[in-house]
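**Q**
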Amino acid sequence: MGENAQTRWWRQDGVGYVVIDNPPMNVLSDVNRRGMLEALGEFQRDGVRAVVLTGAGDRAFCGGADLKEEERLTPETVQQFLRRGQEVNRTIRELDAPVIAAINGWTMGGGLVLALWCDLRVGSTRAKLGAVGVKVGLMASNVQLARLVPEARARDALLTGRTLEAAEALAWGLLSAVVPPEELLREATAWARRIAARPAALVAEAKRALNRALEPEPGA
Amino acid sequence: MSDPVRVAVEGRVGTLELDHPPLNLLTDPVRAALRAALDDFRARGVRAVVLTGRGRAFCAGADLRDEAALGPEAARARVDADEALCAALAGYPGAVIAALNGPALGGGLELALACDLRVAARAATLAGVGVALGLVVSTARLTRLCGEAVAKDLLLTGRTVGAEEALALGLVAAVVDDAALPAEARRWADTVASRAPLSVQANKAALVHCARLPLAEAVAWERGEWARLQKTRDHKEALEAFFAKRAPEFTGA
Amino acid sequence: MLLTGRTFDAAEALRLGVVTRVVPAARLDDEARAAAELIAARPPLAVRAARRAIARVRDLAPAEALAEEHEHVRRLLRSRDHQAAVAASVARRAPVFTGE
Chain A
40 MGENAQTRWW RQDGVGYVVI DNPPMNVLSD VNRRGMLEAL GEFQRDGVRA VVLTGAGDRA
100 FCGGADLKEE ERLTPETVQQ FLRRGQEVNR TIRELDAPVI AAINGWTMGG GLVLALWCDL
160 RVGSTRAKLG AVGVKVGLMA SNVQLARLVP EARARDALLT GRTLEAAEAL AWGLLSAVVP
220 PEELLREATA WARRIAARPA ALVAEAKRAL NRALEPEPGA
Chain B
2 MSDPVRVAVE GRVGTLELDH PPLNLLTDPV RAALRAALDD FRARGVRAVV LTGRGRAFCA
62 GADLRDEAAL GPEAARARVD ADEALCAALA GYPGAVIAAL NGPALGGGLE LALACDLRVA
122 ARAATLAGVG VALGLVVSTA RLTRLCGEAV AKDLLLTGRT VGAEEALALG LVAAVVDDAA
182 LPAEARRWAD TVASRAPLSV QANKAALVHC ARLPLAEAVA WERGEWARLQ KTRDHKEALE
242 AFFAKRAPEF TGA
Chain C
19 MLLTGRTFDA AEALRLGVVT RVVPAARLDD EARAAAELIA ARPPLAVRAA RRAIARVRDL
79 APAEALAEEH EHVRRLLRSR DHQAAVAASV ARRAPVFTGE
C-alpha cells in the first residue's frame with residue numbers, strides 16, 4: 040500500500056490496484072510515472088497475482104501527457120521524459136502478473152498508450168479512446184495499436200484521431216467487456232480474480248510466451 | 002474518348018472519380034490518369050484524397066479482353082502497372098479514402114485495399130476474384146489489413162461480401178445509404194485533412210516500417226519520431242491552440 | 019483469452035475474427051460443404067499459391083510480401099488454367115480447370 044501526490048496503490052486478496060489520481064483529466068505527470076513504477080515494483084516483490092490499473096473519478100482513465108510539463112521540455116529533458124514513459128510500459132509488460140486496465144472514461148494520447156501496454160482492458164460505458172497524435176502534431180500508440188488490432192482499424196484510429204466509444208472499442212476487441220460505470224471496478228476485479236485463481240507460475244509463463252509470440256520470427 | 006477519370010480539388014481535399022462505364026475497368030488510360038492526378042495533388046499539397054467510381058461500379062478490375070488479345074507478356078506488364086498505381090496510392094503523403102459506391106472486384110478490390118480507409122455505400126460489394134482467374138491477388142494487403150482468417154476466407158473462395166459484412170470483417174470503416182456516400186467520404190477526408198500533416202505522414206510510414214520489427218526496435222523508432230515531431234511548428238501550434246481553447250491551424254511544418 | 023482461459027461464444031468469435039461467418043446450427047454442415055466446394059472449384063494452383071502467400075505475410079515486411087505475391091502472379095499468368103479462365107470469361111462460358 041502506498042501513495043504519492045497523484046497516485047494511490049494497495050493490494051487486496053492477491054490483486055494489486057493502482058489509481059492515477061490527477062484530476063480533472065488524470066493527465067500523466069512524472070509524479071504518476073514514478074508512482075506507477077513504485078507500485079508495480081512492490082507488487083512484483085510481493086507476488087501479486089493480477090493488477091488493476093484505473094483512473095480516479097468517472098471522467099477520465101488518463102488524458103495523456105501533461106501538456107504543460109511537455110511544453111517545458113528541452114532537448115536535454117525530452118529524452119529522459121521518453122525514457123521514463125517507456126520504463127513504465129516495459130515494467131507493465133515484464134511484470135509476472137497480468138495488468139488489467141479498467142477504462143473508466145477518456146483515454147487519450149499517452150493514456151491510450153498506457154492502456155494498450157496492459158494485458159487486458161475492460162471498460163465502462165463512459166470509456167472513450169482516442170489516438171490523438173495527429174490532432175496535436177505528434178505520434179504515439181502507433182506501435183501498440185498496430186499489434187493489437189488489424190491494420191485497417193489501426194489506420195482508421197491513427198490517421199483520423201477520432202474518438203472510439205466503448206461499444207466500438209468492444210467490437211474492435213480493444214475492450215474485452217463493457218459494463219455500467221458503477222460496476223467497472225467490480226468487473227475488473229472479477230477478471231483479476233479469475234486470473235489470480237490460476238497457478239501464478241503458469242500465468243506468468245503464458246504472459247511471457249504471448250510476449251514472445253508477438254515478436255517476428257528471427258530469420259523468417 | 003472522354004477523360005476516364007474525373008479530377009477535382011476542393012480546399013485541401015482532392016477527388017478522383019473513375020469514369021469508364023459501365024464497370025470502371027482498369028485500363029492503361031485509367032491508370033495513367035490516376036497516376037498523373039496523384040502527382041498533381043502531391044505537388045499542390047492536397048492533404049486527403051477520395052477515390053471513387055462513377056455509375057454503378059467502383060472498379061471491377063482489369064479488362065480481360067486486353068489480355069485475351071495481347072497475351073501473357075502484356076498481362077505481366079499490366080500487373081506491374083497495377084502495383085505501381087497501388088504503390089502511388091499507398092505512398093501518398095496524406096490519407097487516401099476509397100468511397101465504394103458499387104462492386105470492387107479483383108484489381109478493383111486491390112485498389113481499395115491500397116487506400117488508407119474504405120467507406121461503403123449499401124450497394125457496394127467486394128470480392129477477391131483473382132482466384133477464379135487462376136491468379137493470386139490481395140494476399141499481402143488483405144492479410145495485413147484484416148488478418149489471416151478473413152484473407153483466407155475471401156481469397157480462397159473468391160466469394161462476394163456485401164457492405165454490412167465488409168463492415169463486420171473490418172474491411173470498411175463505415176457503411177451509409179447510397180446517396181449519402183459522397184458526403185460521408187468527404188467527412189472522413191476533411192477530418193484527416195484537418196490533422197497535422199507531418200503526423201499523418203509519420204503514422205503512415207510507421208505502419209509500414211515497424212510492421213516486422215521486434216517490439217523494442219519499433220518502440221525506439223516511435224520514440225525517435227515523437228522527439229522529431231515534438232520540435233515542429235505544428236506541434237507548438239497545437240499546444241498554443243489547446244491552451245487558448247481554439248482550433249489549431251496546421252501548415253505541415 | 020489465453021491469460022484468463024475463459025470460453026467465448028460464436029458471436030464474440032466473429033467479432034474478434036476467430037471465425038469469419040456464423041450460421042444457424044442446422045445449416046452448419048451445408049454451409050461448410052458449400053465453402054469447401056467453392057474452393058474445390060477454383061484453379062488448384064491459385065488456391066495453393068494464395069494459401070502459401072497468406073501464411074507468409076506475418077513473417078515478411080509489407081514490401082517483401084507484395085514482391086512474393088507478384089512472383090506467384092508472374093508464374094500463374096503462364097498457367098493453362100489462367101489462360102482457360104481468361105478465354106472462358108471473354109467467351110462468357112464456364113471454364114474447365116485441369117490444375118496445370
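Protein chains in written order, with our numbering: chain A, 40 to 259; chain B, 2 to 254; chain C, 19 to 118.
Here a beta-carbon is modelled for each residue, glycine too, at the ideal position from N, C-alpha and C.
Give the residues of chain A in contact with Phe251 of chain B, contact being defined as C-beta atoms less than 8 Å apart.
**A** Here the neighbours are Gly176.
**Q** From B:Val97, B:Gly46, B:His21, pick the residue whose C-alpha is nearest to that of Met64 of chain B; which is it?
**A** Per the sequence shown, the amino acid found at residue 64 of chain B is Asp instead of Met. Among B:Val97, B:Gly46, B:His21, the Cα nearest to that of Asp64 of chain B is on B:His21.
**Q** Between Leu110 of chain B and the ligand NAD, is there a pair consisting of the residue's CB and a ligand heavy atom that are separated by less than 8 Å?
**A** Of the ligands one can find in the structure shown there are none, so the ligand NAD has no counterpart to examine.
**Q** Could you tell me the boundaries of the alpha helix (DSSP H) in which Gly54 of chain B lies?
**A** Not the alpha helix (DSSP H): Gly54 of chain B falls in the beta strand (DSSP E), residues 49–54.
**Q** Report the residues of the segment 35–52 of chain C with a CB closer than 8 Å to any CB of chain B, ordered along the chain.
**A** Of all residues in the segment 35–52 of chain C, Gly35, Val36, Val37, Thr38, Arg39 have a Cβ within less than 8 Å of some Cβ in chain B.
**Q** In chain C, which residues lie with their C-beta within 8 Å of the C-beta of Ala245 of chain A?
**A** Those within 8 Å of Ala245 of chain A in chain C are Leu20, Leu21.
**Q** Under 9 Å, do Trp227 of chain B and Leu214 of chain B count as touching if we go by C-beta distance?
**A** No, they are not a contact pair.
**Q** At a CB-CB cut-off below 8 Å, which residues of chain A make contact with Gly92 of chain B?
**A** Within chain A, no residue comes near Gly92 of chain B; the closest Cβ sits about 14 Å away, beyond 8 Å.
**Q** Does the pairing of the segment 80–100 of chain B with the segment 112–124 of chain B give three or more beta-carbon distances under 8 Å?
**A** Yes: the two stretches touch, three or more of their Cβ pairs being nearer than 8 Å.
**Q** Using only alpha-carbon positions, find the residue among B:Val14, B:Phe59, B:Thr28 that is nearest to Ala122 of chain B.
**A** Checking every option, the nearest Cα to that of Ala122 of chain B belongs to B:Phe59.
**Q** Does the beta carbon of Leu19 of chain B sit closer than 9 Å to a beta carbon anywhere in chain A?
**A** No, Leu19 of chain B lies away from the interface with chain A (no Cβ there is under 9 Å from its Cβ).
**Q** Could you tell me the distance, in whole angstroms, from the CA atom of Val137 of chain B to the CA atom of Ala175 of chain B?
**A** In a straight line, the C-alpha of Val137 of chain B is about 27 Å away from that of Ala175 of chain B.
**Q** Below 8 Å between beta carbons is the criterion; list the residues of the segment 59–77 of chain C that meet it against any residue of chain B, in chain order.
**A** Here the close residues are Arg60, Pro61, Leu63, Ala64, Val65, Ala67, Ala68, Arg69, Ala71, Ile72, Ala73, Val75, Arg76, Asp77.
**Q** Per DSSP, what kind of secondary structure is Leu127 of chain B in: helix, strand or coil?
**A** Note: Leu127 of chain B maps to strand in three-state DSSP.
**Q** Between Leu112 of chain A and the rest of its own chain, which residues show a CB-CB distance below 7 Å, the 5 nearest in sequence each way excluded?
**A** Result list for Leu112 of chain A: Phe120, in chain order.
**Q** When the Cα atoms are used, what is the spatial distance from Ala112 of chain C to Ala29 of chain C?
**A** Roughly 37 Å between the two C-alpha positions.
**Q** So, at 6 Å on beta carbons, what are the nonlocal neighbours of Glu87 of chain C in its own chain, with the 5 sequence-adjacent residues on each side left out?
**A** Excluding positions up to five away in sequence, the list reads Ala71.
**Q** What would DSSP say about Cys116 of chain B, mapped onto helix, strand or coil?
**A** Note: Cys116 of chain B maps to coil in three-state DSSP.
**Q** Straight-line CA distance for Ala91 of chain B to Arg36 of chain B?
**A** The alpha-carbon atoms of Ala91 of chain B and Arg36 of chain B are separated by roughly 12 Å.
**Q** If the criterion is Cβ atoms closer than 9 Å, does the pair Ala248 of chain A and Trp230 of chain A meet it?
**A** Their beta carbons are not under 9 Å apart, which means Ala248 of chain A does not touch Trp230 of chain A by this criterion.
**Q** Which residues in chain B sit within 7 Å of Glu87 of chain C, going by Cβ to Cβ distance?
**A** Within 7 Å Cβ-Cβ: Val137, Thr140, Ala141.
**Q** So does the segment 36–50 of chain B actually touch the segment 91–102 of chain B, counting three or more Cβ pairs closer than 8 Å?
**A** Verdict: yes, contact present.
**Q** Expressed to the nearest angstrom, what Euclidean distance is found between the alpha-carbon atoms of Ala259 of chain A and Leu199 of chain B?
**A** Summary for Ala259 of chain A: the model assigns pLDDT 48, below 50, so the residue's position carries little reliability; its value from the coordinates is reported in the next sentence. In a straight line, the C-alpha of Ala259 of chain A is about 32 Å away from that of Leu199 of chain B.
**Q** Counting only beta-carbon atoms, is Thr192 of chain B nearer than 9 Å to chain C?
**A** False, the Cβ-Cβ gap to chain C never drops below 9 Å.
**Q** Below 9 Å between beta carbons: does that hold for Val175 of chain A and Ile139 of chain A?
**A** Taking 9 Å as the Cβ cut-off, Val175 of chain A and Ile139 of chain A do not qualify as a contacting pair.
**Q** Consult DSSP for Ser200 of chain B and reduce its assignment to one of helix, strand or coil.
**A** Helix at Ser200 of chain B.
**Q** What residues of chain B sit near Leu203 of chain A, judged by a beta carbon separation below 7 Å?
**A** The premise fails here: Leu203 of chain A is roughly 11 Å from chain B at the closest Cβ pair, so nothing lies under 7 Å.
**Q** For Asn25 of chain B, does the three-state DSSP call read helix, strand or coil?
**A** Coil at Asn25 of chain B, not helix or strand.
**Q** Cβ atoms of Val8 of chain B and Ala44 of chain B: under 9 Å apart, would you say?
**A** No, these two residues do not count as a Cβ contact at 9 Å.
**Q** Any beta carbon from chain B within less than 9 Å of Arg33 of chain C's own beta carbon?
**A** So, interface residue.
**Q** Please report whether the beta-carbon of Pro189 of chain A lies at a distance below 9 Å from any beta-carbon of chain B.
**A** True, the Cβ-Cβ gap to chain B drops below 9 Å.
**Q** Quick one: using the 10 Å Cβ neighbour count with 16 as the cut-off for buried, is Ser3 of chain B buried or exposed?
**A** Classification of Ser3 of chain B: exposed, given that the 10 Å Cβ count is below 16.
**Q** Which of the three DSSP states, helix, strand or coil, is assigned to Glu111 of chain B?
**A** Helix at Glu111 of chain B.
**Q** Contact check, Glu49 of chain C vs Val36 of chain C under 8 Å by CB: the rounded distance?
**A** About 17 Å; that fails the 8 Å criterion.
**Q** Taking Leu170 of chain B as the reference, give the member of B:Asp179, B:Ala78, B:Lys153 with the closest Cα.
**A** Among B:Asp179, B:Ala78, B:Lys153, the Cα nearest to that of Leu170 of chain B belongs to B:Lys153.
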